[in-house]
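For the sequence shown, our numbering puts the final residue at 497, and the numbers step up evenly by one. See below for the structure under consideration.
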Amino acid sequence: MPPLPLDNSPAPDQRDRLPLEAVLLGQEFGEQEGQVVDFAALFGNPRPVEIEIGSGKGTFLVHRAKARPDINFIGIEWAREYCTHAADRMARWNLANVRILRTDAEVFFRNQVPDGSLLRVHIYFPDPWPKLRHHKRRLIQPRFVGILHRALRIGGEVAIVTDHRDYARQIEWVVLNQRGFATVPFPRTYGAEENERVGTNFERKYIAQGRRFYDLAVMKWR
Ligand SMILES: C[S@@+](CC[C@H](N)C(=O)[O-])C[C@H]1O[C@@H](n2cnc3c(N)ncnc32)[C@H](O)[C@@H]1O
């Protein structure tokens, strides 16, 4: 992974910052089979929960969490450097409604996310694993989409964006074949510029390269 540039985004007075440990979840989360997380206890309130899978440097989450203090957010990211970077960013913005978790999203969802608990799951620019022999590593497979469906509450949504045409086809096929999902308009975003869909770092990089994007949003209706 290339070294991370310093995060130069403006932040409030550093005396107001949260300690990093308040944002970055420890080893007791993420890989504990059978220990379902109590989100209300984790955040200290019963507000709805949204998860971003592959939250990278946290650009999407920082904007969304600032705009929606009525929602709790978890960013799941398995690259350690990105996790620390994102958690530091949330702490500097004093965002008490965000937690960053370093783990494999599929393992966390399978073992620790309560059934019917999530308002929304965001998956932006998931790794496309373009080589045929690596397709099995793609996150969005029938098994995982079933797990996502189980984790969402009725009315909950999944929003996905990719730049990879072949993966987009797979995503559409797999997600729309999951019983109980219906397509909905793409959810409103907060940090995105006019020409952007979600305003993540990868989207910005790919816009500069002139790439085309494919998005899909579905709601769990049963
Ligand atoms: C292409 S990057 C996109 C990052 C960010 N969403 C963006 O759009 O800028 C994909 C990210 O997902 C993370 N990732 C991929 N699979 C994951 C998994 N199973 N669990 C957690 N993170 C994952 C990678 O480490 C990487 O940071």
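Note that CB positions come from ideal geometry on N, CA and C, so glycine has one too.
For Glu296, is the beta carbon positioned less than 7 Å from some heavy atom of ligand 1? no
Would you say the beta carbon of Ile328 comes nearer than 7 Å to a heavy atom of ligand 1? yes
Where the alpha helix (DSSP H) through His439 begins and ends: Note, His439: premise wrong, no alpha helix (DSSP H); not H, not E.
Using only the alpha-carbon positions, how far apart do Phe348 and Phe488 sit? 25 Å
For ligand 1, is there any heavy atom lying closer than 7 Å to the beta carbon of Thr437? no
Could you pull out every residue in the same chain whose Cβ sits closer than 6 Å to the Cβ of Ala366, ignoring the five residues on either side in sequence? Arg292, Leu293, Leu295, Val298
CB-CB length for Glu352 against Gly331, believed under 8 Å: 6 Å
For Gly391, count neighbouring C-beta atoms within 10 Å of its own C-beta (all shown protein chains included) and say buried if the count is 16 or more, exposed if not. exposed
Lys495 (DSSP reduced to helix, strand or coil): strand
Taking Cβ to Cβ, would you say Ile446 is nearer than 8 Å to Ile435? yes
Beta-carbon spacing of Val388, Ala362 below 8 Å: no
Using the DSSP secondary-structure output, state which residues sit across from Ile351 in a beta bridge. Ile328, Leu376
For the segment 338-345 against the segment 364-378, are there 3 or more C-beta pairs whose distance is under 8 Å? yes
Helix, strand or coil: which one does DSSP assign to Trp404? coil
Does the Cβ of Met476 lie closer than 7 Å to at least one heavy atom of ligand 1? Residue 476 is actually Asn in this sequence, not Met. For ligand 1, at least one heavy atom lies less than 7 Å from the Cβ of Asn476.
Applying the criterion that 16 or more other CB atoms from any shown protein chain within 10 Å of the CB defines a buried residue, is Lys411 buried or exposed? exposed
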